[in-house]
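> Residue numbers (this note's numbering), protein chains in the order written: chain A, 19 to 212; chain B, 19 to 212. All C-beta atoms, glycine included, are put in the ideal place defined by N, C-alpha and C. What you are looking at is a predicted structure, and each value in this text was computed from that prediction instead of being measured. Quick one: this structure, given as structure tokens, is what I'll be asking you about.
Protein chains: 2
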Amino acid sequence: MAALQKSIDKRNALINATIELVNNDGFHATPMSKIAKMACVSPATIYLYFENKQDLVNKTYIEVKTSYTAYAFATYNETMSVEEGFEVIWKRIAEFKLKESANAMFLAQCDNTPMIDEESRQEGIKHLQPLLDLWARGKKEGIIKPLSDYMLYAYSINPLSFLMITQIRGSVKMDKEELEQAYQAAWSSIKVCE
Amino acid sequence: MAALQKSIDKRNALINATIELVNNDGFHATPMSKIAKMACVSPATIYLYFENKQDLVNKTYIEVKTSYTAYAFATYNETMSVEEGFEVIWKRIAEFKLKESANAMFLAQCDNTPMIDEESRQEGIKHLQPLLDLWARGKKEGIIKPLSDYMLYAYSINPLSFLMITQIRGSVKMDKEELEQAYQAAWSSIKVCE
DNA sequence: TAAAAAAGAATGAACGTTCATTTTCTATAT
DNA sequence: ATATAGAAAATGAACGTTCATTCTTTTTTA
Chain A
19 MAALQKSIDK RNALINATIE LVNNDGFHAT PMSKIAKMAC VSPATIYLYF
69 ENKQDLVNKT YIEVKTSYTA YAFATYNETM SVEEGFEVIW KRIAEFKLKE
119 SANAMFLAQC DNTPMIDEES RQEGIKHLQP LLDLWARGKK EGIIKPLSDY
169 MLYAYSINPL SFLMITQIRG SVKMDKEELE QAYQAAWSSI KVCE
Chain B
19 MAALQKSIDK RNALINATIE LVNNDGFHAT PMSKIAKMAC VSPATIYLYF
69 ENKQDLVNKT YIEVKTSYTA YAFATYNETM SVEEGFEVIW KRIAEFKLKE
119 SANAMFLAQC DNTPMIDEES RQEGIKHLQP LLDLWARGKK EGIIKPLSDY
169 MLYAYSINPL SFLMITQIRG SVKMDKEELE QAYQAAWSSI KVCE
């Protein structure tokens with residue numbers, strides 16, 4: 019009973035303020051006082067909802083990542099063919115970046131800086147299970163080349179850059195040989211020209 | 019004479035320390051004192067080489083971006099066909115991300131956060147002129163679809179994600195209609211499957 | 001020896017977090 | 001229905017620390 023009297027609206031206001039301010043100024047350049055002001059709350063109140071600043075941004079990350087994957091997988095289901103599955107997910111990701119651009123920008127910042135705890139990154143990855151399953155199915159069916167799963171995490175961030183990416187922050191690693199192989203595969207599959 | 023007695027080695031040490039520390043901790047979480055220590059220099063000495071912290075990171079960005087574009091265009095020349103030009107540049111960018119991964123990671127952070135001044139971003143873009151020219155040539159020859167130049171900046175960061183990207187920090191903008199058109203074009207040109 | 005370069009200590013502002021207090025809510029007794 | 005007591009929630013001010021930058025002094029250079 020006790021813990022749940024805290025207002026969900028206030029929590030949401032804090033999360034939204036965090037997204038907007040971090041997008042504009044970056045994590046370390048947004049003071050708690052500013053987040054509080056934008057959420058119409060006292061600085062001290064933040065600590066009733068979150069342990070500290072790091073916890074606030076971690077939780078915000080997980081929340082946005084969760085909504086991202088929910089959006090990405092909304093029109094997908096497991097009975098689809100591998101090709102159709104990737105196509106459907108691709109289109110939803112594009113739509114998310116188009117329609118939820120503030121959220122997308124926030125994720126881009128989180129995914130390219132050291133601002134999120136490794137633990138929370140891992141937590142975010144967990145929501146990608148449907149994509150991992152699709153990937154595995156594609157490999158089983160011989161439709162997808164036998165590349166590292168590392169590529170898949172890159173795909174989940176950006177379905178095209180996954181062919182190009184070299185760095186993903188955190189513990190997901192790929193060795194240079196795999197990367198080189200991937201680059202070669204990648205070139206043959208793109209066309210910048212008609 | 020005066021200004022040039024300052025050691026270029028010391029300046030380089032400061033730039034390199036900035037790259038490494040910002041990669042690990044982020045811009046605002048790397049104190050000047052730490053940069054100084056890693057460069058084996060007094061904090062006060064940094065201010066003989068750079069105006070302030072912002073100037074240090076701006077200059078570092080421009081330096082890395084310059085080396086990036088130099089690398090990307092090293093094997094390209096204007097007598098090549100449009101197709102060959104893009105292929106050659108693509109391969110060099112891949113190589114850069116592979117071999118200069120610390121520099122690539124630093125750029126990714128700069129390109130996805132508000133840590134660099136708008137003015138310095140623009141300065142970085144200037145080095146992309148050869149790519150802009152190639153792009154224009156491709157459109158003139160009718161080889162490249164009539165898409166926004168905005169796409170090209172995305173390409174220069176990541177030749178594949180340019181088909182997917184929605185956000186580039188700074189003043190380069192693309193309207194939603196253009197983006198949507200681009201996404202549709204993009205899907206038909208990629209294959210995640212063999 | 002004089003001027004530039006470098007150093008380390010000092011300064012003042014900004015920030016995350018906590019503390020002491022007030023306000024709001026809710027459950028019960030009248 | 002209303003009043004009230006106790007607890008939870010919220011607050012604003014205060015604390016202690018950290019950090020960018022500057023100041024004064026020392027070292028290096030030519």
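#1: Taking Cβ positions only, does B:T48 come closer than 7 Å to chain A?
#2: Establish whether the CB of A:I37 and some CB of chain B are separated by less than 7 Å.
#3: Taking the Cβ atom as the reference point for each residue, do B:Q127 and A:N121 lie within a distance shorter than 7 Å?
#4: Could you confirm whether any beta carbon from chain B is found closer than 7 Å to the beta carbon of A:P132?
#5: What residues of chain B sit near A:N42, judged by a beta carbon separation below 7 Å?
#6: Would you report the Cα separation of A:P61 and A:L32, rounded to the nearest angstrom?
#7: Taking the straight line between their C-alpha atoms, what separation do you get for B:K71 and B:M50?
#8: Look at B:T48 and B:V59 and say whether their C-beta atoms are less than 7 Å apart.
#9: Whose C-alpha, out of B:D27, B:K157 and B:I37, is nearest the C-alpha of B:V237?
#10: Quick one, are the C-beta atoms of B:A35 and B:I64 less than 7 Å apart?
#11: With a Cβ-Cβ cutoff of 7 Å, do A:M45 and A:V75 count as a contact?
#12: Who are the near neighbours of A:A90 in its chain, counting only those whose CB is closer than 7 Å to its CB and skipping five residues on each side?
#13: From what residue to what residue does the alpha helix (DSSP H) around B:E141 run?
#14: My output table needs one value for A:V59: the three-state DSSP class, helix, strand or coil.
#15: If the criterion is Cβ atoms closer than 7 Å, does the pair A:S119 and A:I80 meet it?
#16: From the DSSP output, in three-state form, read off B:T78 for me.
#17: Using only CA atoms, which one of A:K24, A:L152, A:I143 and A:R155 lies nearest to A:T87?
#18: Assuming B:P148 is part of the alpha helix (DSSP H), what are its boundary residues?
#19: Quick check on the burial criterion: 16 or more other C-beta atoms within 10 angstroms. Buried or exposed for B:T78?
#20: Is it right to say A:I162 is buried, meaning 16 or more other beta carbons lie within 10 angstroms of its own, or is it exposed?
#21: Please check the pair A:A57 and A:K24, which I expect to be a contact at CB under 8 Å, by giving their CB distance rounded to whole angstroms.
#22: Buried or exposed for A:I37, going by 16 or more other Cβ atoms inside 10 Å?
#23: Figure out for me which residue from A:M98, A:N30, A:T84 and A:E69 has the closest Cα to the Cα of A:E141.
#24: Measuring only the C-alpha atoms, how far is B:I26 from A:N95?
#25: Determine the closest residue to A:M98 out of A:F124, A:L116 and A:W153, with distance taken between C-alpha atoms.
#26: Does B:K24 come out as helix, strand or coil in the three-state DSSP assignment?
#27: Is it buried or exposed for A:T184, if we count other Cβ within 10 angstroms and need 16 for buried?
Looking at the atomic coordinates:
#1: With 7 Å as the cut-off, B:T48 does not count as an interface residue toward chain A.
#2: No, A:I37 lies away from the interface with chain B (no Cβ there is under 7 Å from its Cβ).
#3: Between B:Q127 and A:N121, the C-beta spacing is not below 7 Å.
#4: It does: the Cβ of A:P132 has a partner Cβ on chain B nearer than 7 Å.
#5: Chain-order list of chain B residues neighbouring A:N42: P132, by C-beta distance under 7 Å.
#6: Rounded to whole angstroms, the gap between the alpha carbons of A:P61 and A:L32 is 11 Å.
#7: Their Cα atoms are separated by approximately 7 Å.
#8: Not a contact, by the Cβ cut-off of 7 Å.
#9: In the structure as shown, chain B begins at 19 and stops at 212. Residue 237 of chain B is therefore absent and cannot be evaluated.
#10: Going by C-beta atoms, B:A35 is not nearer than 7 Å to B:I64.
#11: It should be pointed out that residue 45 of chain A corresponds to Phe in this sequence rather than to Met. Yes, Cβ-Cβ distance for A:F45 and A:V75 is below 7 Å.
#12: Within the same chain, I107, R110, I111 and F114 come within 7 Å of A:A90 by CB-CB distance, once the 5 residues on both sides are set aside.
#13: Residues E136 to K144.
#14: A:V59 sits in coil when the DSSP states are folded into three classes, being neither helix nor strand.
#15: No. Outside cutoff.
#16: DSSP, read as helix, strand or coil, puts B:T78 in helix.
#17: Of A:K24, A:L152, A:I143 and A:R155, the residue nearest in Cα terms is A:I143.
#18: Per DSSP, the unbroken alpha helix (DSSP H) holding B:P148 starts and ends at Q147 to K158.
#19: By the neighbour-count definition (other C-beta atoms within 10 Å, threshold 16), B:T78 is a buried residue.
#20: It counts as buried.
#21: Between A:K24 and A:A57 the Cβ distance is about 13 Å, and since that is not below 8 Å, they are no contact.
#22: Flag for A:I37 reads buried.
#23: For A:E141, the nearest C-alpha among the options comes from A:T84.
#24: Taking the straight line from one Cα to the other gives about 59 Å.
#25: Scanning A:F124, A:L116 and A:W153 for the CA closest to the CA of A:M98 turns up A:W153.
#26: Correct three-state label for B:K24: coil.
#27: Caution is warranted here: a pLDDT of 42 is assigned to A:T184, below 50, making its placement in the model unreliable, and no coordinate value can be reported.
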